[in-house]
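Presented below is the structure to which this report refers.
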Amino acid sequence: MSESTKAESIVKSLKEKGLTIGSVESLTAGLFSSTIATIPGASEVFKGSIATYTKEEKMNLLGIKKDEIIKYGVVSQHIANEMAMRGRKRLGVDICVSFTGNAGPTSEPGCAPVGRVNMCISTKYGIVELQQDFEGLRNEIRSACVEMMLDQLISILG
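Its first residue numbered 212, the sequence shown is counted upward by one per residue in the working numbering.
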């Protein structure tokens, strides 16, 4: 199934269930929201996206504490969870997804390796944590994690 077909399926399911979605994106920098927005009628369910590409924006736009970023690192499940949970409240949506990771081309010592991506889906019922180590070039990693999220959402929305 193509990304477009997956996005169409998600938009249709959200409409049928009367649910809204938003995203908080770091390494994807809006790629998920752009994928959803290609579907006609997406505005009925897609409320918006917050691009927090830097740690400063994670702090400024979402209120994530500097101490948390220092303790866990920006590429961590903890930060992905915080991004999704805080984004859900900030955007006023039923479902919020988040992406943080290292798409390369380099990794600093002691930091997440190239290809490591942490994602989260936040709903009023709780969260779904996703971590994956992808291989490939920068934009291949970014596309792969968006596709993985689309698959997860299809699975959850049934």
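Idealized CB from N, CA, C, for every residue including glycine.
Contact between the stretch 290-302 and the stretch 216-224 is absent, with fewer than three C-beta pairs closer than 8 Å. According to DSSP, E340 shares a beta bridge with C331.
Here the C-alpha atom of R327 lies approximately 4 Å from the C-alpha atom of D344.
Between the stretch 235-246 and the stretch 259-272 there are three or more C-beta pairs closer than 8 Å, enough to call the two in contact.
Uninterrupted alpha helix (DSSP H) stretches at least 4 residues long and entirely within the stretch 239-307 occur at 242-248, 266-273, 277-283 and 288-302, given in chain order. Per DSSP, S234 is not a residue of any alpha helix (DSSP H); the beta strand (DSSP E) it occupies stretches across I232 to E236.
Distance between A355 and I290, taken at the CA atoms: about 20 Å. As DSSP reads the structure, S309 sits in a beta bridge with V235 and C331.
Its Cα nearest to that of E267, the residue G284 stands out among K258, F257, G284 and V325.
Non-local beta-carbon contacts of M270 in its own chain, meaning distances under 8 Å to residues more than five positions away in sequence, involve K276, K277 and I280 in chain order.
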